[in-house]
Amino acid sequence: MSRLVRGGIALTALAAVLIQYTTFISGTNDGFAIATLRYFSYFTITTNCLVAVGWGAAAFAPETRLGRFFLKDTIRTAVTSYIVLVGVIYHVLLAAIHDPQGIEWYANHLLHTIVPLAVFLEWLFLSGERLTRFGHIISWQVYPVVYTAYTLIKGAITSFYPYPFLDVNALGYGGVAIQLVGLILTFVITSAIFVGIGKLQVRLMR
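No gaps in the numbering here: position 64 of the sequence shown is 287 in our numbering, and each next residue is one more.
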């Protein structure tokens with residue numbers, strides 16, 4: 224059952240990424256290489272790719288090194304916190320200024336609503352032994368920090384920033400720094416909530 228659900232989640236995430244990619248490429252005047260680089264510069268896309276790879280490996284190749292890695296509770300919990308934040312941040316900060324049409328609307332909701340919700344429910348009800356500790360929270364911030372550093376460095380070179388709250392052109396480095404403090408706190412608090420949920424589940428199952 225767990226492998227079936229994880230496989231379904233992985234295929235849904237992959238389909239959403241590919242559908243959105245085709246609409247993104249067809250709707251831009253940038254060259255193929257530049258458009259592709261920009262598309263995979265979105266945290267939404269990289270995180271859905273992480274879900275597709277991780278949950279896919281856990282479902283279809285659980286005995287491989289990659290499959291075992293993504294079956295670890297610490298890794299599953301970290302990725303779940305990332306994808307849930309993808310959904311929360313989109314619906315709180317970005318949905319009001321984003322109006323996708325046609326097939327893009329469906330892909331958009333798969334990326335920002337269906338996949339985050341499905342991953343959360345799978346993590347909540349189909350996980351194995353809970354092994355996460357609050358000490359893991361710091362290491363979980365490596366992914367968002369590396370993503371942010373990459374985005375700012377690339378933006379300084381290309382002047383392209385995928386999100387308005389990271390747009391140095393509009394906010395300046397000081398304004399972006401303020402936004403980043405809020406984002407970092409959001410990631411840390413969300414991570415702590417997930418660890419807390421895991422610990423609560425352990426207590427309830429005793």
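Glycine included, each C-beta is placed from N, C-alpha and C at the ideal position. Note that the structure is predicted; figures quoted are calculated from it, not measured.
Can you tell me whether residue i is buried or exposed, with buried defined as 16 or more other CB within 10 angstroms of its CB?
i: residue 275; result: buried
i: residue 286; result: exposed
i: residue 281; result: buried
i: residue 271; result: buried
i: residue 404; result: exposed
i: residue 415; result: exposed
i: residue 417; result: buried
i: residue 309; result: buried
i: residue 419; result: exposed
i: residue 181; result: Any property of residue 181 remains undetermined from this structure, which presents the chain solely from 224 to 429.
i: residue 284; result: exposed
i: residue 421; result: buried
i: residue 293; result: buried
i: residue 240; result: buried
Would you grab the beta carbon distance between residue i and residue j for me? Rounded to a whole angstrom, and I think it's under 8 Å.
i: residue 278; j: residue 229; result: 5 Å
i: residue 246; j: residue 320; result: Their Cβ separation, rounded to whole angstroms, is 18 Å, which puts residue 246 and residue 320 out of contact at 8 Å.
i: residue 304; j: residue 381; result: At roughly 29 Å, the Cβ-Cβ gap does not stay under 8 Å, so residue 304 and residue 381 are not in contact.
Look up residue i in the DSSP assignment and say whether it is helix, strand or coil.
i: residue 377; result: helix
i: residue 265; result: coil
i: residue 224; result: coil
i: residue 252; result: coil
i: residue 413; result: helix
i: residue 382; result: coil
i: residue 387; result: helix
i: residue 260; result: helix
i: residue 286; result: coil
i: residue 422; result: helix
i: residue 350; result: coil
i: residue 323; result: coil
i: residue 229; result: helix
i: residue 356; result: coil
i: residue 243; result: helix
For residue i, I'd like the list of residues in its chain whose CB is within less than 8 Å of its CB, leaving aside the five on either flank, ordered along the chain.
i: residue 235; result: 333, 337, 338 and 341
i: residue 379; result: 391
i: residue 248; result: 255, 258, 259 and 262
i: residue 402; result: 388, 389 and 394
i: residue 296; result: 350, 351, 352, 353, 354, 355 and 421
i: residue 364; result: 407, 410, 411 and 414
Looking only at its chain, what residues have a beta carbon closer than 6 Å to the beta carbon of residue i, apart from the 5 residues adjacent to it on each side?
i: residue 242; result: 330
i: residue 226; result: 282
Give every residue of the same chain whose Cβ lies closer than 7 Å to the Cβ of residue i, excluding the five residues on either side of it in the sequence, and list them in chain order.
i: residue 343; result: 303 and 307
Please indicate yes or no: does the CB of residue i lie closer than 7 Å to some heavy atom of the ligand MN?
i: residue 323; result: The ligand MN is not part of the structure shown, which contains no ligands of any sort.
Cβ pair count under 8 Å reaching 3, the region 390–402 against the region 315–334: no
Touch test, the region 262–269 against the region 367–379, Cβ-Cβ under 8 Å, three pairs minimum: yes
Three-pair Cβ contact test at 8 Å for the region 354–363 versus the region 296–303: yes
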